[in-house]
Structures are given as C-alpha cells and as structure tokens.
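Working notes, structure below.
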Amino acid sequence: MNQFLVFVKKEWLHIWRDRRTLFILIWMPVVQILLYGFALTNEVKNSKIAIFDQSRDLSTQAVSEKLAASRYFNLIKNVYSYKEIEATFRQGKIRLAVVFPNNFRNDLLHTNHAQIQLIADASDPNTANTLTNYASSIINDYQQSLTQNEELPYTIKTQVRMLYNPELKGAYNFVPGVMALVLMLVCAMMTSISIVREKEIGTMEVILVSPLKPFRIIIAKTIPYLIVSLLNIATILLLSVFVLDVPIVGSLLLLIGESILFTVTALSLGILISNTAKTQQTAQFTSMMSLFLPTLLFSGFLFPVENMPIPLQVISNIVPAKWYYIIVKSVMIKGLGFSAIWKETLILVGMTAVLLGISIKNFKIRLS
Amino acid sequence: MVQNNKVITAKELTKKFGAFTAVDKISFEVEKGEIFGFLGANGAGKTTAMRMLCGLSLPSSGEATVAGYDVYKENELIKKNIGYMSQKFSLYEDLTIKENIRFYAGIYGLSDEKIKEKTELLVKELHLEGEEKTLVRALPLGWKQKLAFSIAIVHDPAIVFLDEPTGGVDPITRREFWTLIYEAAERGITIFVTTHYMDEAEYCNRVSIMVDGRIDALDSPANLMKTYSAGSMDEVFLQLARKASRSE
Amino acid sequence: MQSIVVENIIKTYRTKKTAVDALKGISFSVDKGEIFGIIGPDGAGKTSLFRILTTLLLADSGKAFVDGFDVVKDYTAIRNRVGYMPGKFSLYQDLSVQENLSFFATIFNTTIEKNYDLIKDIYIQIEPFKDRRAGQLSGGMKQKLALCCALIHKPSVLFLDEPTTGVDAVSRKEFWEMLHRLKLQGITILVSTPYMDEAGLCDKVALIQKGKILSVNSPEGIAADFTKPLWAVRAVEMFPLMKAIKQDPMVESCYPFGQFHHVVFKSAENAKEKLEQIQKNGKYTQFEAHAIKPNIEDCFMALMQE
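Protein chains in written order, with the numbering used here: chain A, 453 to 820; chain B, -9 to 238; chain C, 91 to 396.
Laid out in structure tokens, this is it:
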C-alpha cells in the first residue's frame, strides 16, 4: 500500500510542479463554461425587428406587444409597406420583420386559422432560423392563451425543444456538454500523456522492473487526475448555478455519481491510448482525434444528433459522451430520477467495463 | 577576408548569465587549415563558447572574429562562412541522401549546377554510388555521421565546428571519420572539434582544455604531455579537469 | 555460481516491410560478483540484450537466466532482485534528488535508511544538492543519482546500459571507481559501453557488433588472442605516412591511434624492414616505429574485419 501511495504522491507532484498545465486544467472549464454560456451561445438577444400590421386589431396588437416585450426582440419600427420592409432590411437596421395580413383577428376567430408572415435576414441562416423559431414560439404562446378560453382549439404549433427550457436558454445545453468535454480532456488526454511521458524519459522501464504490479501503476497514475476532474465538475456546477442561472433540478448526488462513472470511462480510454502511443505528441493527437472531436460532434450538445444522417446517428451510439450528456441533461435540467436514466447508465457501465478490461489487459508488463 | 591566416581570433571573450560567468575571458587564435581540439569537462563552458563563435549568442564582453567577421556585428556573415555538425543534430531521417545534400547546399545558396557537381563528388567520396535515393534513416550510424560531416562542409566554409561528432560510432568508422577530417583540413578547411575520446584529442594539431570557464591549457598534444609529464592526453585532461570546482 | 546465463538469444524487430536482426544468437555467462562489460558501438544490440535480461522484452528464441530464474517464466522474481539503469534513463526531472531517491526506494519496498550503507559513498557526493530538482543537475551528478536509485534496494545483479555515454572523462573515471567499490559488496554488474578503453576496467568483456558477439574473454585474454604483428608508427607528416603505409601489400590495416598509427602486418616476417623501406621512400621527419602490444580497440577492429 505504501508503494501505491508514494506513487500517487509522486504523480501529484508532477501535476503540482507543472504550474502551466495545472493552471490550464483548472481554468479550462471556467473559460469554456463562460465562453459557451455567453459568447458562443446561439441564443440571440435584443434583435431588432419591424412590424407591418395591416390588420391593426386586438390580436395583432397583443402579439406585437408580446414580441416587443420579450428579451429576444427589440421593436424599432412600425412599417407600412413591403417596400419599406425591404428598404429597412437593406439598411441593416433589422433582422426580422413580422407581417400581419388584413383581417387577422377575424380569420383567427372565425376560421380558426390565421397567418403571420415572418421575414428574416437569411444571410445568416443560423440566426434567421433561431429568430423565426423564437418568434413562432411567442406567437404559439399567444395561441395557447387564446385556446384556454375557447372550446375549439386554434391552430397550434408544438415546439418540443422548449418543453423543459421555456426561455430557450442556450446554457441549458452547454453545461452538460462542457462537462463531458472537460472530463474527456482532463482524464483521457492527461492520463495518456502522463503515462507516455514515463515511457519517453525511460522511467517506465525501471518501474516495470520494480516489484510494483502493473495494475497498481495504472491506478496510481489515474487517481490524481480523478481528483482534478472532480474539482472541475464542482467548478462547472457552481458556475452554472450561480453565474449562468442553470439550476440543478434533480439529485446532486446522482449527478456526481454519474459523473464519477463517466470519469472512469474517460480514464480507461486514456490508458488505452497510452498503450499504443509511443510519444507524447502521438498520445495528444490520438486523444484529440478519437475523443475530443467525437465528443464535440456526437454528444449532441452542439449539433442535434436527431438531425444527422442515419449512419452518423449509429456511430454516435458508441461515443460515451452521448450517453453521459443525456444523463446529465435528464438529471440536472429535467430533474428526472435514476429510473429514467438506468438504461443510459447501464450502457455507460458496460462501456467502462469493456474499456477498462481491454486497457488493463493490454497494459504491457514488458516493452513493445 | 581572413587576415594573417587567422580563422578565429578571440580576445578575453566572456559570457555571463546573471552572476554566473560561463566563459571567463578566453583568448586564443586558430589558424587556417588547423585541426583545433576544444576539450573540457561537462559544464566547463565549451558549448557556450562555441555558440558565441558560431554567431548564435552574443558575448558579454571581449572581442572575437570568425572567418574574419566580428561576432557582435556580423553574425549573419559568420553563419554563411561556417559549417556545423553535432552528434544530436545531423540529417533529416525521412529524406534521401540526395535530398539532404540538395537541401543543405540549397540553404547555403549554392547554384543548381554547383549542387549537382557537389552531390556527385560527395557520393563518390563516401562510396555511396547507387544509394542516392536511400532514406538516411536506413543508413548505419557511422555512415550518417560521415555524410553529415560531408554535408556540413558542402559549401566550402572557412571553418567547420564539430560537436562530439563520433559519439557511439564503432572504432573503424570513427577512424574513417577522422580520415575525412584530415582530408578537409588538407583542403584548407579549419576544423574546430570537441570530443570525449582522448585519443582523438591527439589527432589535433593543437588542443585547448577548458576548466571552469577558462582555458587552462593550450598547446600541441605532444607539448601538453611534456608539460604535464603525462603519458597520454587522457592523463593531461584528468590532471586539469580534476581541479575544477564547478560542474554544470 | 553464475549470475547470468545467456543461451543463443535471437531477437528480430519486424515491421511490415523490414526485419532488423538486433541479436543473432548470443551466448555468454557471468559469474557472481563479476564486472562484465558488453562492449560495442551504437546499434550493436546492447540495449535489446539488456531489456531481454531485465524481463522487459521477449526474445524470439533462446534462453536466459538471471540468478537462476528464467527471464520469461520467473519475471516477477527477477524484477524483485535486480537493479536496472536504462540507457536514456533521465529520472524525474521535476522531482528533487531526495524525492527521486525515496520514490524508487519505496516502490522497491525499502527505505533509504535501510540500505544507506550501500549507496553512502555515492550519495554523499550529491547530498549537498538533495533539494535540487534532478533536471538541474549536471550530467555526472544525474548519473550518480541514477546509480543510487538503481542500487537502493540492494539488488543482487545490477544492469547498467551505457551509463557513461556522453559523460566527460573525469566523471567516467569516478563512475568506474564506484563500480569497483560495489563489486566488493558482492554485486554482479553487467555494464555496456561504446568506449573501448573502458574494457580494461572489467573482469570480463563481450565484444559485440551488429548483433553478434565477436569474442568473450578477460581483457588480457582478448589481447592475447591477437597474434598478428602490430607496430606503432609516427612522423610529423602523419597523413602522407598513413597513405604510404596503406599502399603496401604486406600491410593488413593502418589506423590512427592518437599520436601514432597502428599498423597490422599480414605476417610476422620483415615488418621492421618494411617500415624502414616506407620511411626511405618518403620524406618524413622524426620518424619513429616500434612493436607494441594490442589494446582492446586494436582487437575489436581486427575482429570486426574477420
């Protein structure tokens, strides 16, 4: 046991003395959370809009007010013709125009069917898309409020995405994603690099020749990174609750438990990489290509997996981060309990067991 | 360019790193075509002195010229007129012999014609005919070192600096390497060489031994052995280096 | 008793396209308490041999035993009792001298205090710097620390792979003095080196080149096997002299050795006359020639050419 502890202590000294890396390890999650949470968010605030109201009735006024009052839109102008809309767009003054046809309220109340035209500046398709989504959802909201008082339902659009995120906050998606990303980076990449470094400087040869069991070498090398990861999880959660206003709805204990499980998954991936890599650069590059990128692409936090072609959706299933992302979203944001995520947890446990098995079995008791 | 046949002149050349004096007022001259051995224990200041002479590091004080150029003001001209080879840095392993020659000759601005001529000559001298398209990686270490040396003098420099060129090489190849050095010296190229093999020190026309940043001895190997009443350069070196008070 | 037995070890490194024969059937044995030198240039196969003996690499065929234990089957037993200093071993640069040493002591299940006697002579020289990071030590100091780390668990066999490469003459000499003191403690030492002059410091040596052993013997024995006449020749005009000597058909080889050329003749007859003739045919000043006894390097070069 003493041998083991001394190894962990030595590993800790490496991390502690390499101040630059330590600094990055500690600040990376903070920077990522703040970046994704604020700067890179796809949420659009105070976008300038114009309204062309040809009906000018109670309903159009109500919708207009709702739009103008939302934090996403800022009504800067009422216009009176399509020509004027075009001109305003051209001047770059607005990003979205809302057009109410004649007899809007009449149509709505008597035919149960009314139209609103949303014109967006599609030169930035993403923003245009987001803006029309926001506007539609606000209009939808209004329709629902009407429906409450009437027996016959008016035309309703559903927006599944907003079910658990009524304010459409981007951060709700980013926090779980960043957690997956940071854990992958710290655990997998740092572990693989630190093992390969010992191969490079020749100390691995001496340690292998020592009575220390290879299995213990691995575990001892991973423990300090496990601790750093836990620290990172804590930082991310604190930031998300107190800075981004993303609350932890579900059980904190469950969330932490699942995070530790995912950390172990990442660590075993790191060991697996270190088995094959001969230089620190190879280890770093392999981690980047085989872990970081798939996590970014397939976990679902930047690009919705449902929208991908079927082959990619299939591939996404073997990315552990995808399952962890689902779990964190379910527990942290939807507030669901273990009963809702046992399937995902089981998949993750299975993956971890297989990875850990392979990596420990392959960890060489000899060189090459 | 080179006055009075002196390829290197150093006068009280000094390099300080903060309070630490790595090279302490060394003065010496090296003549054209001479094989000059530059010895010293690890940390005696050899590398620092060599860097200053190669124009890679500015001296703290003192004067020095290399190939007639001033180490303070004309270091770019110095680099053009010297060759350099070390045990660690030699050739690109993933390029062929020909490509390596082409590259190094190219960076010294040799014309295409000249490069072609030089390549043929060099390949012939090293008996590498037919191997031009072999990757350097596939060559035995000894061949690599010989090739690296030939490439280091491909632009006919006034002087070539060799930093432990024969480490780990087998004894026959080591001697073949020295034959190349002799040939280059006969052609008028000055050789400035560091080595850990003391028998190699005896091949030099003159040898300087650095101790604690100073040059403690400078003479022909025969005279040095006489002065220190030693049977070999090894003994001379040990007598001097044992006095050292610092290490790296 | 024999500490190390190596029987016909073969090791080939294969990649998709090429196969490199690192060891082509090596056999030798080392007696207990002996300093045994593996002497050969880079690429001779020294490191592969060391890795096979320290159980880090599997040979393709052949057998090897350390302290009577099989390097394949009983690798854990061997790992518990040997000390190993790999060629490019550079310790943990970011740990201090003391931290490095106590780390290696602990993973070998011991403490610095327990075996302090063994390393005392060496450690005392680096003790003034015990709080300094290993990365800031000089080459000679690092080498001493590495030796302490390899010794700290009182191994019965010590494997030192090129411990003196790149180290200056003074540190090399000190290092060999330390090895001789360790030998007195009954530790068997297998040491490799590319420096031929270090052969004389071993009890026995194996000369190795391109994966083959050229000769195994005591340094004196190796010199005794050299039967051809050997002369040392010199003049002020060294280079022309060598050219002239090499042209003579009676001369087998002529190589520079310090201030002399060592000339090997094909047969014992007329060597002296030959040299006098060469002297007459050229213009040499301070010409000097005398018969000499071969050193290890002469022997190595002669064996290489066979």
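For every residue, glycine included, the Cβ atom is placed at its ideal position computed from N, Cα and C.
Query	Result
DSSP state of H401 (chain C), grouped into three classes?	This structure gives no information on residue 401 (chain C), because the portion of chain C shown stretches from 91 to 396.
Hey, could you find the ends of the alpha helix (DSSP H) K500 (chain A) is sitting in?	That residue, K500 (chain A), is in no alpha helix (DSSP H); its beta strand (DSSP E) goes S499 to D505.
Hey, quick one: how far does the beta strand (DSSP E) through A549 (chain A) stretch, first residue to last?	L548 to F552
Ends of the alpha helix (DSSP H) at T804 (chain A)?	F790 to N814
Quick one: grab the DSSP three-state call for I368 (chain C).	helix
Considering only the alpha carbon of each residue, which of C:A109, C:Q376, C:L272 and C:N385 lies closest to W321 (chain C)?	C:N385
According to DSSP, E97 (chain C) sits in a beta bridge with which residue or residues?	C:K153
Would K178 (chain C) count as contacting chain A if we go by Cβ distances under 8 Å?	yes
Using a Cβ-Cβ cut-off of 7 Å (strictly less than) and excluding sequence neighbours within five positions of E21 (chain B), which residues of its own chain qualify?	N(-5), K(-4) and V(-3)
Leaving out the 5 sequence neighbours to the left and right, which residues in its chain are closer than 6 Å to K6 (chain B) when beta-carbon positions are compared?	S50
Mind listing the chain A neighbours of T144 (chain C)? Cutoff is C-beta to C-beta under 8 Å, in chain order.	E657 and V661
CB G27 (chain B) to CB V13 (chain B), shorter than 8 Å?	no
What three-state label does DSSP hand F198 (chain C) in the structure shown?	coil
State the DSSP-derived secondary structure class of K114 (chain B), mapped to helix, strand or coil.	helix
Using C-beta distances below 6 Å, list every residue in its chain close to R141 (chain C), excluding the 5 sequence neighbours before and after it, in chain order.	L147
Go ahead and pull the three-state DSSP assignment for M614 (chain A).	At M614 (chain A) the pLDDT is 33, less than 50, meaning the model places this residue with poor confidence; the figure from the coordinates comes in the next sentence. M614 (chain A): helix per DSSP, three-state reduction.
Taking all protein chains shown into account, do 16 or more other C-beta atoms lie within 10 angstroms of the C-beta of E124 (chain C), making it buried, or fewer, making it exposed?	buried
When the Cβ atoms of the stretch 667 to 676 of chain A are set against those of the stretch 453 to 463 of chain A, are three or more pairs found closer than 8 Å?	yes
Thinking just about the alpha-carbon of each residue, which of C:I116, C:Q275, C:K302 and C:C389 is nearest to the one in D211 (chain C)?	C:Q275
Do we get a CB-CB distance below 8 Å when we pair L147 (chain C) with the residues of chain A?	yes
Is G235 (chain C) near V187 (chain C), with beta carbons less than 8 Å apart?	Gly is not the amino acid found at residue 235 (chain C); the sequence shown has Leu there. Yes; because the gap between Cβ atoms is below 8 Å, this pair is in contact.
Ordered along the chain, which non-local residues of its own chain (more than five positions away) have a Cβ less than 6 Å from that of L250 (chain C)?	M175 and V281
Does S222 (chain B) have its Cβ less than 8 Å from a Cβ in chain C?	yes
Cutting at 6 Å between CB atoms, please list the residues of its own chain near K101 (chain C), excluding the five before and the five after it.	A112, L113, S138, A149 and D150
Taking A195 (chain C) as the reference, give the member of A:F456, A:M741 and A:S692 with the closest Cα.	A:F456
What's the call for A0 (chain B), buried or exposed, on a 16-neighbour Cβ count within 10 Å?	buried
What do you reckon, are the CB atoms on Q765 (chain A) and V757 (chain A) nearer than 8 Å?	yes
Which complete beta strand (DSSP E) runs does the stretch 207 to 244 of chain C hold, if anything under 3 residues is left out?	none
Can you confirm whether the stretch 126 to 144 of chain B touches the stretch 68 to 75 of chain B when touching is taken to mean that 3 or more C-beta pairs between the two stretches lie within less than 8 Å?	yes
Helix or strand or just coil, what does DSSP make of V326 (chain C)?	coil
Taking C-alpha atoms, which residue in B:E53, B:A234, B:N32 and B:Y62 lies nearest to G239 (chain B)?	The displayed coordinates of chain B run from -9 to 238. Any statement about residue 239 (chain B) would go beyond what the structure contains.
For A167 (chain C), tell me which candidate among C:K178, C:F198 and C:K373 has the shortest Cα-Cα distance.	C:F198
Under 9 Å Cβ-Cβ, which residues of chain C neighbour R204 (chain B)?	Result: empty, since nearest Cβ-Cβ is about 16 Å, beyond 9 Å.
Let me confirm a value: L641 (chain A) is counted as buried when at least 16 other C-beta atoms fall within 10 Å, else exposed. Which label applies?	Before going on, a small fix: residue 641 (chain A) reads as Met here, not Leu. M641 (chain A) comes out buried.
Are the beta-carbon atoms belonging to L85 (chain B) and V126 (chain B) less than 8 Å from one another?	yes
Checking 8 Å against the spacing of the C-beta atoms, do T278 (chain C) and E252 (chain C) come in under that value?	no
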